[in-house]
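Chemist:
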Amino acid sequence: MIFAERLDWQVATAAKFCRETQGVVTIAFEVPEWHGHLAGQHVDVRLTAENGYQAQRSYSLASPAGNAAEIELTIERIKEGEVSSFLTEELAIGDDIELRGPIGGYFTWDRQSSSPLMLIAGGSGVVPLMSMLRTRYKVGGKAPARLLYSSRTAEDIIYAAELDRLAANGDGLSLIHTLTRGAPSGWQGERRRVDKQMLATHAFQSSEQPQVFVCGPTLFVETVADQLISLGHAESAIKTERFGPTGDKR
Amino acid sequence: MTEDLARLDGNAAAGTLCRFLAIDVTSMMITCAACGAEAPLGRLHLYGGRMGIILRCVACGEVNLGAVEVGETLRLDPRGAACLTFRAGPATFR
Chain A
1 MIFAERLDWQ
11 VATAAKFCRE
21 TQGVVTIAFE
31 VPEWHGHLAG
41 QHVDVRLTAE
51 NGYQAQRSYS
61 LASPAGNAAE
71 IELTIERIKE
81 GEVSSFLTEE
91 LAIGDDIELR
101 GPIGGYFTWD
111 RQSSSPLMLI
121 AGGSGVVPLM
131 SMLRTRYKVG
141 GKAPARLLYS
151 SRTAEDIIYA
161 AELDRLAANG
171 DGLSLIHTLT
181 RGAPSGWQGE
191 RRRVDKQMLA
201 THAFQSSEQP
211 QVFVCGPTLF
221 VETVADQLIS
231 LGHAESAIKT
241 ERFGPTGDKR
Chain B
1 MTEDLARLDG
11 NAAAGTLCRF
21 LAIDVTSMMI
31 TCAACGAEAP
41 LGRLHLYGGR
51 MGIILRCVAC
61 GEVNLGAVEV
71 GETLRLDPRG
81 AACLTFRAGP
91 ATFR
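If you read the sequences in order, they're chains A and B. Just so we're aligned, residue 1 is where the first sequence starts under the numbering used here, counting upward by one. Just so we're aligned, residue 1 is where the second sequence starts under the numbering used here, counting upward by one.
(1) Starting from Leu21/B, follow the beta strand (DSSP E) in both directions and report where the run begins and ends.
(2) CA-CA distance, Leu219/A and Gly122/A?
(3) With respect to the alpha helix (DSSP H) encompassing Val25/A, which residues constitute its N-terminal and C-terminal limits?
(4) Would DSSP call Glu155/A helix, strand or coil?
(5) Determine whether the beta carbon atoms of Glu241/A and Asp9/B lie at a separation below 9 Å.
(6) Are the C-beta of Asp24/B and some C-beta of chain A separated by less than 9 Å?
(7) Fully enclosed by the segment 25-65 of chain A, which beta strand (DSSP E) runs are 3 residues long or longer?
(8) Going along chain B in order, which residues have a C-beta closer than 7 Å to the C-beta of Phe243/A?
(9) Are three or more beta carbon pairs between the segment 98-116 of chain A and the segment 35-50 of chain B nearer than 8 Å?
(10) Keeping to the same chain, check which residues put their C-beta closer than 8 Å to that of Arg152/A; ignore five residues upstream and five downstream.
(11) Which chain B residues are close to Gly105/A, counting only those with a beta carbon under 7 Å from its beta carbon?
(12) Less than 9 Å separating the beta-carbons of Met130/A and Ala62/A?
(13) Measure the C-alpha to C-alpha separation of Ser85/A and Ile78/A and round it to an integer number of angstroms.
(14) Exposed or buried, what is Phe3/A when buried is set at 16 or more other beta-carbons lying within 10 Å of its beta-carbon?
(15) Against Asp44/A, what residues of chain B qualify as contacts under a CB-to-CB distance less than 7 Å, listed in chain order?
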């Protein structure tokens, strides 16, 4: 039996804001009661209006695994999304929200693992995968790792500069971007949706027994997982997490 | 219930379930009572709304687990699960 902490809501105070792209903001929260988290876990955020109306959504942790009392969430503003709009546009430094977590043991990366690490992200699905890459860097991981990251345009790439720095460290991480809605001139990466051929080119072979994490919108995740299986990857080696704009309207 | 709600997976149901069940629910294996397929809860398809959580089999789409959280109460409907399997392993950061 795997025992986890029983989850209660706790107060988190907004401490820092960082705009990542036009619609994406990273917020650092101080959570005095935080007991630490694993790379890939998420939290539930709850907002309560003055009239008692409550809204709740799940967001991935972006900060590396560890037990620091400051955690980071990277939040994409969803059109008409009541929670993401509030968090990205109205929340200010010093404001309190409620959250509970960390949540999830399935979509997590074990930093002791020596298997090749294959990360495949669609849009803001990169957030939990960034936690894995930050954790890998923090612990000095040397096992080969690749991030295949699909964005709409170059301006939509979240963590662009930090990813370039991580990939330049010479510690076995390679970074492959693909853009689905037009690329700037001189673009070196791929320029279409992730498909079977792209996975055959850029993903580790199934014989290398990689651990694979796929995160993105539902259709992206399902398509990529199916194609990986058709390339011979074991279903049990592919961990998936979906999100969707509709998740914000839930 | 609209198609739009069938967008998430069991990972998004874990906050509610973990509030009551002191186990890592996303790694809990659920065997579908209808077709026998086995998957971790994190992979099941989530149909959720304000009324509660419905987790469906990734293979056949039948309901495996229903859950409703009302205040301090969780009601689980496990009739769609033939078996729940737990494995030992690290789940929290220590």
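Even for Gly, the Cβ is constructed at its ideal location relative to N, Cα and C.
Modeler: Let me lay it out:
(1) No beta strand (DSSP E) holds Leu21/B; DSSP gives it neither H nor E.
(2) 10 Å
(3) Careful: Val25/A lies outside any alpha helix (DSSP H), inside the beta strand (DSSP E) at 24-30.
(4) Glu155/A: helix per DSSP, three-state reduction.
(5) yes
(6) Taking Cβ atoms only, chain A reaches closer than 9 Å to Asp24/B, which makes this a yes.
(7) Listed in chain order, the complete beta strand (DSSP E) runs (minimum 3 residues) inside the segment 25-65 of chain A are 42-48, 54-60.
(8) Leu8
(9) With the cut-off at 8 Å, the segment 98-116 of chain A and the segment 35-50 of chain B touch.
(10) Gly123, Leu179, Thr180, Arg181
(11) Asp24, Thr26, Ser27, Ala91
(12) In this structure, Met130/A places its C-beta atom within 9 Å of the C-beta atom of Ala62/A.
(13) 7 Å
(14) Note that Phe3/A scores 49 on pLDDT, short of 50, meaning its location in the model is unreliable; the coordinates nonetheless yield the value given after this. Exposed.
(15) Gly15
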